[in-house]
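Numbering (our numbering), first residue to last: 22 to 574. Each remark here refers to the structure printed beneath this line.
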RNA sequence: GCGCCUGUAGCUCAGUUGGAUAGAGCACCUGCCUUCUAAGCCGGUUGUCGCAGGUUCGAUUCCUGCCAGGCGCACCA
């Protein structure tokens with residue numbers, strides 16, 4: 022059980038005991054607010070519960086605080102309890118209580134931080150889902166990093182997660198893609214609305230080299246041939262680039278497969294059965310306005326063609342049929358208009374849109390280079406691809422920087438800054454802390470400093486820096502759980518940066534290894550053990566972000 | 001016009017369930033390497049938390065209105 026959890030239960034018990042004894046007449050608290058105060062003078066933990074109870078108790082908060090404090094003081098795990106300000110209760114833990122976190126970490130090692138908040142929940146996490154008609158660009162890259170990290174975080178909370186990439190391999194865009202490739206191969210003008218980038222020419226050359234006969238085909242035949250060959254190559258390239266980026270999907274889901282198989286038929290039947298389908302002006306509609314959408318949506322156009330929306334709907338229903346409890350969609354801000362219809366679709370299918378479907382909207386990424394904004398335009402060929410970004414700054418820096426911010430904030434990436442392999446880049450700050458500990462432990466072995474549970478005496482750790490670090494380590498499980506519940510992996514990154522600060526501070530003020538002829542003491546052992554536990558948390562945390570934890574830098 | 005997101009230090013941005021003196025990195029000034037990685041640490045400077053109201057013991061956080069920026073409102077994909 023975490024220290025935090027242990028404490029909040031203890032406080033609750035004290036309050037309930039006081040209520041039973043009639044010493045306190047107040048409503049039962051819904052939950053105990055317990056936080057780590059920013060100010061060190063306010064102890065290890067602080068609660069404002071007395072302020073919350075004041076109203077229903079009809080007593081001044083400080084009086085209630087005193088009552089609770091008295092109960093807490095008798096507990097072994099607590100060293101001291103103070104009341105401050107209007108009625109805050111500040112708690113300082115006993116040394117052994119605080120030091121116990123190291124034992125917890127070393128006993129669980131790779132599993133430390135893993136929780137069960139989402140145990141038994143099957144989550145489908147769909148992200149990127151680009152057309153296979155070009156390379157992945159910067160917008161996709163944000164999702165590639167955040168989506169993968171979110172998948173890891175959700176798994177850490179106990180969920181069973183499937184990462185899915187929906188391939189839009191059907192429709193007008195695909196045809197334009199084929200037409201553009203063929204035009205390039207034949208040296209004729211590309212279609213106006215087609216794809217213009219240089220990669221089209223490269224792809225076309227590759228195709229002709231492999232299949233020279235394509236040039237001899239009739240126009241309709243060659244359009245299909247180029248389209249299909251281009252599709253295969255481009256999709257493979259997306260897969261390769263993502264694999265290099267450390268983002269791996271369990272399922273690459275083809276839109277075509279919904280039409281080729283019975284996915285669409287099943288979906289339509291389901292919606293009909295639920296009674297939300299109607300025909301009007303020769304088209305088939307889904308009455309999404311039944312569930313808050315601004316307008317009804319067309320599934321089958323009057324010309325008989327199925328819409329993209331029909332595929333989306335079928336895909337959603339397919340996911341649910343495959344047993345996923347929660348379907349999470351990660352979409353770019355330019356698609357936020359989809360939220361209403363997706364939620365409504367879920368409701369039309371008879372599901373609970375408050376639980377079965379979640380849509381995360383990510384703001385677009387701006388990019389600065391050479392002091393000015395790079396305008397992203399496919400037409401002008403100034404798109405920045407995932408591959409280019411990685412070439413410039415490396416996988417770790419790219420992933421970390423993209424994950425570090427909440428997705429709903431528009432972010433500006435300064436490529437020049439990321440290129441610098443210096444501490445201006447927060448990822449190095451965190452990685453450095455890990456590498457530093459590895460070096461210390463390497464030396465520890467050489468100097469005969471033993472570390473590990475059998476050499477660890479928590480009561481020896483009483484330096485301010487040690488206490489701070491111990492407190493920080495104890496937060497990790499809560500941070501992971503919070504990141505999972507809120508779908509916000511950036512919290513892990515921010516936490517690691519704080520933890521790095523704590524370790525660096527500890528390292529500076531608390532000598533871990535003996536100096537000169539000094540003999541290794543139990544304090545050295547305790548500090549080395551504390552370092553080992555910290556290293557484990559850095560490792561686990563960076564793992565959740567898909568960022569490497571280097572042994573040397 | 002309607003809807004979504006954003007507005008916090010010179011810059012890039014944190015700040016879940018309302019809490020104590022609003023934080024970090026960069027930038028700027030200043031110290032700290034004859035013994036564990038100086039990609040580090042210590043100290044200093046920087047704020048009408050977009051504006052105005054409201055809710056209450058207490059609001060950067062919740063509510064309303066306004067201002068500014070981004071994005072979206074197809075029988076397109």
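We put the beta carbon where it would ideally sit given N, CA and C, even for glycine. Predicted model, so just to flag it, every value in this text is computed and none were measured.
| Asked | Found |
| --- | --- |
| Are the Cβ atoms of residue 567 and residue 516 separated by less than 8 angstroms? | no |
| Using the rule of at least 16 other Cβ atoms within 10 Å of the residue's Cβ for burial, across every protein chain shown, is residue 186 buried or exposed? | buried |
| Which word fits residue 363, buried or exposed, when buried means at least 16 other C-beta atoms lie within 10 angstroms of its C-beta? | buried |
| Residue 52: which of 60, 174, 28, 44 sits nearest, CA to CA? | 28 |
| Nearest CA to the CA of residue 88: which residue from 35, 303, 229, 551? | 35 |
| Terminal residues of the continuous beta strand (DSSP E) containing residue 371? | Where residue 371 is concerned, there is no enclosing beta strand (DSSP E), given that its DSSP letter is neither H nor E. |
| For residue 145, which of helix, strand or coil comes out of DSSP? | strand |
| Whose C-alpha, out of 240, 510, 338, 176, is nearest the C-alpha of residue 378? | 338 |
| Grouping DSSP H, G and I as helix and E and B as strand, with all else coil, what is residue 314? | coil |
| Can you name the residues that DSSP bridges to residue 458? | Bridge partners of residue 458: none, in fact. |
| Taking just the CA atoms, how far does residue 370 sit from residue 290? | 10 angstroms |
| For a quick check, are the C-beta atoms of residue 413 and residue 387 less than 8 angstroms apart? | no |
| Quick one, are the C-beta atoms of residue 552 and residue 462 less than 8 angstroms apart? | yes |
| Exposed or buried, what is residue 452 when buried is set at 16 or more other beta-carbons lying within 10 Å of its beta-carbon? | buried |
| Hey, would you say residue 491 sits closer than 8 angstroms to residue 120, going by beta carbons? | yes |
| What's the C-alpha gap between residue 333 and residue 447? | 39 angstroms |
| Could you give the DSSP three-state label for residue 189: helix, strand or coil? | coil |
| Considering just the uninterrupted stretch of the alpha helix (DSSP H) at residue 83, what are its terminal residues? | 82-94 |
| If the criterion is Cβ atoms closer than 8 angstroms, does the pair residue 340 and residue 152 meet it? | no |
| Pick helix, strand or coil for residue 319, following the three-state DSSP scheme. | strand |
| Is the beta carbon of residue 74 sitting closer than 8 angstroms to the one on residue 31? | no |
| Evaluate residue 376 with the Cβ neighbour count: other Cβ atoms within 10 Å of its Cβ, from every protein chain shown; 16 or more gives buried, anything less gives exposed. | exposed |
| Does the region 108-116 come within contact of the region 78-96, defined as at least 3 CB pairs closer than 8 angstroms? | yes |
| Tell me, please, which residues DSSP counts as bridged to residue 304. | 301 |
| Taking the runs of the alpha helix (DSSP H) that are 4 residues or longer, which of them lie wholly in the region 218-263? | 219-231 |
| If you compare alpha carbons, which of 438, 526, 268 is closest to residue 172? | 268 |
| Give the straight-line distance between the Cα atoms of residue 85 and residue 76, rounded to the nearest whole angstrom. | 11 angstroms |
| Sorted by chain position, which residues of the same chain lie with C-beta nearer than 8 angstroms to residue 472's C-beta, five sequence neighbours on each side aside? | 462, 465, 546, 549, 550, 552, 553 |
| Please classify residue 195: is it buried, with 16 or more other beta-carbons within 10 angstroms of its beta-carbon, or exposed? | buried |
| So the alpha helix (DSSP H) residue 41 belongs to, where does it begin and stop? | 24-41 |
| Tell me whether residue 103 sits in a helix, a strand or coil according to DSSP, three-state version. | strand |
| Name the residue from 409, 163, 365, 275 whose alpha carbon lies nearest to the alpha carbon of residue 188. | 275 |
| Given residue 214, which residues of its chain have a CB within under 8 angstroms of its CB, disregarding the five upstream and five downstream residues? | 197 |
| State the DSSP-derived secondary structure class of residue 210, mapped to helix, strand or coil. | coil |
| Would you kindly work out how many angstroms separate the C-alpha atoms of residue 347 and residue 417, rounded to a whole number? | 29 angstroms |
| Tell me, which residues are paired with residue 353 by DSSP? | 383 |
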